[in-house]
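Undergrad: Dropping the structure in here first, questions after.
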Amino acid sequence: MDQAIMVDAPLVTVRNCRQAYHKDASTDLIVLDDVNLTLQSGEIVGLLGRSGSGKSTLLRIVSGLLKPTSGEVKWRGQPLTGPAAGVAMVFQSFALFPWLTVQENVEIGLEAQGVKKAEREERTESAIDLIGLGGYDTAYPKELSGGMRQRVGLARALVVHPDLLLMDEPFSALDVLTAETLRTDLIDLWMNKKLPVKSILMVTHNIEEAVLMCDRVLVFSSNPGRVAQELKVPFPHPRNRYDPAFRQMVDDIYGIMTRRKPPTAQAAVAATGFATPLHPISTNIMAGLLETLEGKPYDGRADLPALAAALQYEADELLPLGETLSMLGFALLEEGDLHITQAGRKFVDAETEERKQIFAKILQAQVPLAAEIRKVLDERWNHRASAVRFRDELEDHMSPEYAEETLRTVIAWGRYAELYEYDEEAQQFSLEEEDEDEE
Amino acid sequence: MTSFAAPALASGRRMPNRWDGVAMLLVMGLLIGLVDVGRSTLFTPLAANQTATIHLDPSYLPFYALRTTARMFAALFCSLFFTFTFATLAAKSRRAGLILIPILDILQSVPILGFLSFTVVFFLNLFPGRVFGAELACIFAIFTSQAWNMAFSFYQSLTTLPADLVEASRAFRLSSWQKFWRLDVPFAMPGLVWNTMLSMSGGWFFVVASEAITVGNTSFALPGIGSYVALALQQKNLLAIFYAIIAMLIVILLYDQLLFRPLVAWSGKFRFETTASTATPDPWMLKLIRQTRFFQAVFDTIGGGVGKVFRLRLGAGSTVQIDENRQPSRVIDILWYLIIAALAGYSLWRIVGFIAGSLHWSDLGEALLMGSYTMIRVIVLMSIAALIWVPIGVWIGLRPKATRIAQPIAQFLAAFPANLLFPPFVVAIVYFHVSPNIWLTPLMLIGTQWYILFNVIAGAAAFPGDMREAVANFRIRGFLRWRRVMIPGILPYFVTGAITASGGAWNASIVAEVASWGSTNLHAQGLGAYIAQATAAGDTPRIVLGVAVMSAYVITFNRILWRPLYAYASRRTTLG
Numbered sequence: 013m014d015q016a017i018m019v020d021a022p023l024v025t026v027r028n029c030r031q032a033y034h035k036d037a038s039t040d041l042i043v044l045d046d047v048n049l050t051l052q053s054g055e056i057v058g059l060l061g062r063s064g065s066g067k068s069t070l071l072r073i074v075s076g077l078l079k080p081t082s083g084e085v086k087w088r089g090q091p092l093t094g095p096a097a098g099v100a101m102v103f104q105s106f107a108l109f110p111w112l113t114v115q116e117n118v119e120i121g122l123e124a125q126g127v128k129k130a131e132r133e134e135r136t137e138s139a140i141d142l143i144g145l146g147g148y149d150t151a152y153p154k155e156l157s158g159g160m161r162q163r164v165g166l167a168r169a170l171v172v173h174p175d176l177l178l179m180d181e182p183f184s185a186l187d188v189l190t191a192e193t194l195r196t197d198l199i200d201l202w203m204n205k206k207l208p209v210k211s212i213l214m215v216t217h218n219i220e221e222a223v224l225m226c227d228r229v230l231v232f233s234s235n236p237g238r239v240a241q242e243l244k245v246p247f248p249h250p251r252n253r254y255d256p257a258f259r260q261m262v263d264d265i266y267g268i269m270t271r272r273k274p275p276t277a278q279a280a281v282a283a284t285g286f287a288t289p290l291h292p293i294s295t296n297i298m299a300g301l302l303e304t305l306e307g308k309p310y311d312g313r314a315d316l317p318a319l320a321a322a323l324q325y326e327a328d329e330l331l332p333l334g335e336t337l338s339m340l341g342f343a344l345l346e347e348g349d350l351h352i353t354q355a356g357r358k359f360v361d362a363e364t365e366e367r368k369q370i371f372a373k374i375l376q377a378q379v380p381l382a383a384e385i386r387k388v389l390d391e392r393w394n395h396r397a398s399a400v401r402f403r404d405e406l407e408d409h410m411s412p413e414y415a416e417e418t419l420r421t422v423i424a425w426g427r428y429a430e431l432y433e434y435d436e437e438a439q440q441f442s443l444e445e446e447d448e449d450e451e
Numbered sequence: 022m023t024s025f026a027a028p029a030l031a032s033g034r035r036m037p038n039r040w041d042g043v044a045m046l047l048v049m050g051l052l053i054g055l056v057d058v059g060r061s062t063l064f065t066p067l068a069a070n071q072t073a074t075i076h077l078d079p080s081y082l083p084f085y086a087l088r089t090t091a092r093m094f095a096a097l098f099c100s101l102f103f104t105f106t107f108a109t110l111a112a113k114s115r116r117a118g119l120i121l122i123p124i125l126d127i128l129q130s131v132p133i134l135g136f137l138s139f140t141v142v143f144f145l146n147l148f149p150g151r152v153f154g155a156e157l158a159c160i161f162a163i164f165t166s167q168a169w170n171m172a173f174s175f176y177q178s179l180t181t182l183p184a185d186l187v188e189a190s191r192a193f194r195l196s197s198w199q200k201f202w203r204l205d206v207p208f209a210m211p212g213l214v215w216n217t218m219l220s221m222s223g224g225w226f227f228v229v230a231s232e233a234i235t236v237g238n239t240s241f242a243l244p245g246i247g248s249y250v251a252l253a254l255q256q257k258n259l260l261a262i263f264y265a266i267i268a269m270l271i272v273i274l275l276y277d278q279l280l281f282r283p284l285v286a287w288s289g290k291f292r293f294e295t296t297a298s299t300a301t302p303d304p305w306m307l308k309l310i311r312q313t314r315f316f317q318a319v320f321d322t323i324g325g326g327v328g329k330v331f332r333l334r335l336g337a338g339s340t341v342q343i344d345e346n347r348q349p350s351r352v353i354d355i356l357w358y359l360i361i362a363a364l365a366g367y368s369l370w371r372i373v374g375f376i377a378g379s380l381h382w383s384d385l386g387e388a389l390l391m392g393s394y395t396m397i398r399v400i401v402l403m404s405i406a407a408l409i410w411v412p413i414g415v416w417i418g419l420r421p422k423a424t425r426i427a428q429p430i431a432q433f434l435a436a437f438p439a440n441l442l443f444p445p446f447v448v449a450i451v452y453f454h455v456s457p458n459i460w461l462t463p464l465m466l467i468g469t470q471w472y473i474l475f476n477v478i479a480g481a482a483a484f485p486g487d488m489r490e491a492v493a494n495f496r497i498r499g500f501l502r503w504r505r506v507m508i509p510g511i512l513p514y515f516v517t518g519a520i521t522a523s524g525g526a527w528n529a530s531i532v533a534e535v536a537s538w539g540s541t542n543l544h545a546q547g548l549g550a551y552i553a554q555a556t557a558a559g560d561t562p563r564i565v566l567g568v569a570v571m572s573a574y575v576i577t578f579n580r581i582l583w584r585p586l587y588a589y590a591s592r593r594t595t596l597g
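Chains as they are written, first to last, in my numbering: chain A, 13 to 451; chain B, 22 to 597.
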C-alpha cells in the first residue's frame, strides 16, 4: 500500500531479538532467534508461521508483556519496559470477562486509564457502534456467538484509541464464514480510515488470511523461530482470492513453508533420533488423508493449498500432517505438493489387521522412540517399563510440553500398532501377553 | 445444583513433603503460644461476672436469635477479610505460598472446638471485665470454623485463573486493585459462595457451642440461642429446648431463603463457561430483587458505589514485563528458609518443653488409644450413613422432581446446628439406661450426614442422560448396575460429601462424646471425651496432646484414604 510509506519515526523496532528458555541440564530451548522487525505507521503487518515458530511470542514481546532474553525493543523510539499505553491487544480466545456485560468489557481499558464516567460511556458507545455491536450493550458474552464475541474483543481494543493494534490469531477460533465477514469488515474500516489506530500487527497461521489482509508478511520458520522471508503484498484492497496473482502468492508461501525439507525422511530421523518431536496426529486422520490422496480427484498427488481448501484445513493443520506422513514414509512433501508413496498405497489397500502390522513395522523402522520403547520392553524380564524415563530423556531435547505431546503420540501410535500397551494409572509401558512369541 | 470439590481434596495430588511437617510444628507452636497466654490467667477469677442472665421465657428467643445471627455475620465478615488477604498473599508470593498453604491445610484439620477454652480466655484477657471480650471470643471461635476452607477455595481459584484473562488484564494495564475486583474475585465467586455456605452451615454449630463456656472455674454465657439451650439442659427443661429448636429452624430458614439461595443463584453469573447453560429458575427472593423496581433502585445504587471503589486505580498498573529467564534470588530464598527453620525449631523446642514437664509417653499411648476408639466410631458411622444415603440419594437424584424437593431440604438440614438436637437423645439414653459408648455415637454424624446425601443427589442428578439411556438400552440392572455404573458415576461426589462429613464427625466428637442432662453426666470412651474432660479440668497439656493427636488422625485419614480415593475417582470416572 502507498500509505505504508514512512511518515515519521517507526512505531516499533525490534533488533536481534532472541527468546530462549533456560533448562538446567542441557542446552537452552530457543523459541526466537535473531528476529528483526520494524513497524511503520499506516501498515498492516502479518506474522505467519506454524505453531511453535515463536510468532505469538514475538507479539507478546512487542506488546511489552514479555521481556526478550536478549535484543532491543523500542516503542516510538523509547526502550519498552512493560505494556505500553498506546498498544491494545485482541486475543485468539477473545479473553472476555464472562461476568461483565458487553459494555463493561469494552470499558475496562478506559477504567484502567482512569477515564471519567461521561467520557468513558461516550467512547464506549461509539466503539460499540463502529464495530457493529449496537443493541448488544447489556448482553453477557456467553449469550453471544463467536463472531459477536470477537467483535467485543475488537471494540475493547479500539476504544482506547491505540496507536498499534495487536491481533493474536483473531479469527482462528471462528468458523469460515464468520471469520470472512469479520476480516472484510475490519479491512473496510481500515481502508475508510475509520479505525482509531495507526498500525496493525497480526499473528496468523492462515496463509490466505495473511495475503488477504496484510501489506507485509513475515514468514517464520520453526525450531528455532526465525524470519524465513519477508514479502510485500502488492495487491490493492479489496482483494480477490481467485485472482491468479493472489493464488500464486499463496502457492509460493506454501512452498516457503515446506521448503526446509530434509533430503530423505530416514536421514533426518537418524540424525535427530530421540529428539524428533512428534505431532499428535491420530492414525485415523493419517488413514483418512492417505485414502483421500489415493482416491479421485487427486490420484496420489495433491497441491497443498487446494487440498487444504477442500478439507477445510489450515496450513497449520495440514503441514504437520504432511510432515508426519513423510516422516513415516507414507507420502512425500515437496514444493507445496503432497504425493503418496508405495508404502502409502500398500497401507491404503490393506485391511484393518494388515494395516496395523504395516504400521507396526514402520514405527519400528522410522520412529526411534517407538523402537526404543519396544526394545526396552523386550529386554526386561517382566516386559514392563516406566514412562518417566522416556519423558525425562525427551525433556533433555525439547520443552516439557513437546515432550508430553510426543510421548502421548508415541503411546497412541504404539497402541494402534499393538506394539506395546500402556497403563495410564501406573504410567507404565508393557507388552501384551500373546505378543511375546510373535516376530 | 452444582457441587464443588471440598478444599481439602483440591490439593489431592500434592505429595506430603517436609513443608507439611514444618507447618504442623508452626501451627502447634502457635496454639501452645495461645495456651500460654491463656493459662497464665486461667485460674485467676475474672474481675466481673461476665455471665449475662439468661431467661428461659420463649419471648426472649427472638432477641437471642438475633444476637446469635449477628455473631455469625460478624465472623463471616472476618473470614472474608482473612480469605482475601491470606489467600492472595499465598497465591501471589511463591515464598509465602510455600509455607502458608501447608499451614492452611493443617489448620483445617485441627479440631478447633478443642481449643475453644483457650481462645475464650485469651480474648477475655484482652478486654477484662467487659462483655466485649466474650463476644470477640465467640466470634473468633466461629471464624476458626469458617475461614480455612474459604481461603483454600479462593487460593485455588487464584492459581487457576484463565491465562488469557490474566494477559488481557495486563495488556489493558489494570491496576492490581482493579484486577483483584474485576478478575480475581469474580472468577473465584462461585466456589467462594459455595464454600461460604458450607462455612455458615458449620458456623451455626460453633456459635451454639461457644456461647456458653466453662473452662476450669471460669464460665460465661452470652445472650444467644446456645446459652439458652445450655441453661435449659441444666434445668432439665425439655420444653425450652423444643422452643430453641423451633427458633433455630426459623432463623436458618430465613437465612437460607433470604440470603443464600439468592446468592448461590446470583453467583452462577460468574461461572467461567463460554456457553449459556440451561437456566434454572431463580429463587423467589432473587426474582423479587431483580424484578421489583424498589429493590432494583436500591441495588443499582449500591452497585454504582461499589463499582466506583472497584475502579479506583490503587496499586501500580502492570508495567512489569514477564521475564521468563529471571531466576529467583538464591540468597533471599535461603534467608527465607532459615527464618522458617528457626521458627519451626523454636516451636519444636516450646512443644517439647510444654509437654515434657507434665506428660509421659503413656499419655500419648492413651490419647492414641482413645483416638482409635473415635476412629472406629467414625468409620462405622460413615459406613452406615453411606449404606443408607447412597441408595436414597441416587434414587432422588435420578428423578428431577424429587431432586427439586429433596435437595434444598438436605442442604437446609446440613446447616441446622446438630447440637440442638442432642438433648432429646441424651434424655432417651438416661431414661432407657443404655450404653453411652454406643448410643452417643450417632450424635457425631447427625449434622454432617446430610453432606453425603446432597452430594450424592447432585452426583446422580448430573449423571449424563445418554449414559442413562445406554444403561436402560443394554438392560444393565441390579448389582451390575451399581457396581459398573452408579457407584463409579457418583464416586467423586460421594467422596466430596464424605470428607466433609467425616471431618465434621471428628470435630463433633468433642461435644458428642460427652453429654449432660441436669446433673447426670454421660461420657463415651474416645478422644472427643478425652479433650472435653481435659478442658473441663483445665488440664492444658492434655488438651494440647488430645488436639494434636486428633489432628494427626484427621490428616492421616485425609491423606491415605480420601485424597487418593478422590484423585482416583476424578481420574477414572471422567472422560477427557
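Heads up, the beta-carbon is just placed ideally off N, CA and C, and yes, glycines get one too.
(1) Indicate the three-state DSSP secondary structure (helix, strand or coil) for Glu181 of chain A in the structure shown.
(2) Just how far apart, CA to CA, sit Asp41 of chain B and Arg580 of chain B?
(3) Which residues bound the alpha helix (DSSP H) around Gln125 of chain A?
(4) Under the assumption that Thr421 of chain A contacts His217 of chain A (Cβ atoms under 8 Å), give the Cβ distance between them as a whole number of angstroms.
(5) Check the Cβ of Arg410 of chain A against every Cβ in chain B and list those closer than 7 Å, keeping chain order.
(6) Would you call the region 272-291 of chain B and the region 207-227 of chain B in contact, with 3 or more CB pairs under 8 Å?
(7) Note down, in chain order, all residues in the region 174-187 of chain B with a beta-carbon under 7 Å from any beta-carbon belonging to chain A.
(8) Roughly how many whole angstroms lie between the Cα atoms of Arg504 of chain B and Gly76 of chain A?
(9) Is it buried or exposed, Gln432 of chain B, if we count other Cβ atoms within 10 angstroms and call 16 or more buried?
(10) If Val164 of chain A and Asn117 of chain A are in contact, beta carbons under 8 Å, what's the gap, nearest whole angstrom?
(11) In the structure shown, what three-state DSSP assignment does Trp202 of chain B receive?
(12) Closer than 6 Å by C-beta to Ser130 of chain B: which residues in its own chain qualify, once you throw out the five before and the five after it? Chain order, please.
(13) Helix, strand or coil: how does DSSP classify Phe441 of chain A here?
(14) Starting from the N-terminal side, write out each stretch of the beta strand (DSSP E) that is 3 residues or longer and does not extend beyond the region 491-540 of chain B.
(15) Give the DSSP-derived three-state secondary structure of Trp287 of chain B in the structure shown.
(16) Please confirm whether Ala435 of chain B and Ser222 of chain B have their CB atoms less than 8 Å apart.
(17) Count the other CB atoms within 10 Å of the CB of Lys210 of chain A; is the residue buried (16 or more) or exposed (fewer)?
(18) Given this structure, state the Cα-to-Cα distance separating Ala16 of chain A from Gln324 of chain A, to the nearest angstrom.
(19) Would you say Met101 of chain A lies against chain B (beta-carbon separation less than 8 Å)?
(20) Straight-line CA distance for Ser174 of chain B to Thr517 of chain B?
(21) Please list the partners that Glu84 of chain A has in chain B, where partner means a Cβ-to-Cβ separation under 9 Å.
(22) Chain A partners of Leu195 of chain B, CB-CB under 8 Å?
(23) Unbroken alpha helix (DSSP H) runs of length 4 or more, entirely within the region 130-160 of chain B: which are they?
(24) Starting from Val400 of chain A, follow the alpha helix (DSSP H) in both directions and report where the run begins and ends.
(25) First and last residue of the alpha helix (DSSP H) that includes Leu350 of chain A?
(26) Does any CB atom of chain D fall closer than 8 Å to the CB of Gly94 of chain A?
(27) Is the region 85-102 of chain B in contact with the region 429-443 of chain A, if contact means three or more CB pairs nearer than 8 Å?
(28) Would you kindly report the start and end of the unbroken beta strand (DSSP E) that includes Phe232 of chain A?
(29) Straight-line CA distance for Tyr83 of chain A to Gly146 of chain A?
(30) If you count every other CB in all the chains shown that lies within 10 Å of the CB of Asn296 of chain A, and 16 or more means buried, which is it?
(31) Measure the alpha-carbon distance for Ala26 of chain B versus Arg203 of chain B and round it to whole angstroms.
(32) Please state whether DSSP places Thr276 of chain A in a helix, a strand or coil.
(33) In chain order, what residues of the same chain lie with their CB nearer than 7 Å to the CB of Ile511 of chain B, ignoring the 5 residues before and after it?
(34) Between the Cα of Val74 of chain A and the Cα atoms of A:Tyr428, A:Phe106, A:Val57, which residue gives the shortest distance?
(35) Classify Thr418 of chain A: buried if its beta carbon has 16 or more other beta carbons within 10 angstroms, exposed otherwise.
TA: With the structure as the only source:
(1) coil
(2) 12 Å
(3) Note, Gln125 of chain A: alpha helix (DSSP H), 114-125.
(4) 20 Å between Cβ atoms; not a contact.
(5) Sequence inspection shows Met at residue 410 of chain A; the Arg mentioned does not correspond to that position. What Met410 of chain A touches in chain B: nothing, since even the nearest Cβ is about 16 Å away.
(6) yes
(7) Going along the region 174-187 of chain B in chain order, one finds Asp185, Leu186 with a Cβ nearer than 7 Å to chain A.
(8) Counting only the Cα atoms, Gly76 of chain A lies some 55 Å from Arg504 of chain B.
(9) Here Gln432 of chain B is buried. Its C-beta has 16 or more other C-beta atoms within 10 Å.
(10) 6 Å
(11) Helix.
(12) The residues are Ser572, Val575, Ile576.
(13) strand
(14) Those beta strand (DSSP E) runs which fall completely within the region 491-540 of chain B and span 3+ residues are 535-538.
(15) helix
(16) yes
(17) Counting other Cβ atoms within 10 Å of its Cβ, Lys210 of chain A reaches 16 or more and is therefore classed as buried.
(18) Low confidence applies here, because Ala16 of chain A scores a pLDDT of 44, under 50, leaving its location unreliable and the question unanswered by this model.
(19) yes
(20) 14 Å
(21) Taking the beta carbon of Glu84 of chain A as reference, no residue of chain B falls within 9 Å; the closest one sits roughly 14 Å away.
(22) Ile120, Glu123, Ala124
(23) 137-147
(24) 399-407
(25) Segment 349-352 is the beta strand (DSSP E) holding Leu350 of chain A; no alpha helix (DSSP H) there.
(26) No chain D appears in the structure shown, which is made up of the protein chains A and B.
(27) no
(28) 228-233
(29) At residue 83 of chain A the sequence reads Gly, which differs from the Tyr that was named. Near 43 Å, if we compare the C-alpha coordinates of Gly146 of chain A and Gly83 of chain A.
(30) It counts as exposed.
(31) Summary for Ala26 of chain B: the model assigns pLDDT 47, below 50, so the residue's position carries little reliability; its value from the coordinates is reported in the next sentence. Cα-Cα distance, rounded: 24 Å.
(32) Bear in mind that the predicted position of Thr276 of chain A carries a pLDDT of just 39, short of 50, making it unreliable; the figure below should be weighed with that in mind. If DSSP states are grouped into helix, strand and coil, Thr276 of chain A belongs with coil.
(33) The residues Val415, Val477, Gly480, Ala481, in chain order, have a CB closer than 7 Å to that of Ile511 of chain B in the same chain once the five nearest residues on each side in sequence are set aside.
(34) A:Val57
(35) Looking at its Cβ environment, which holds 16 or more other Cβ atoms inside 10 Å, Thr418 of chain A is buried.
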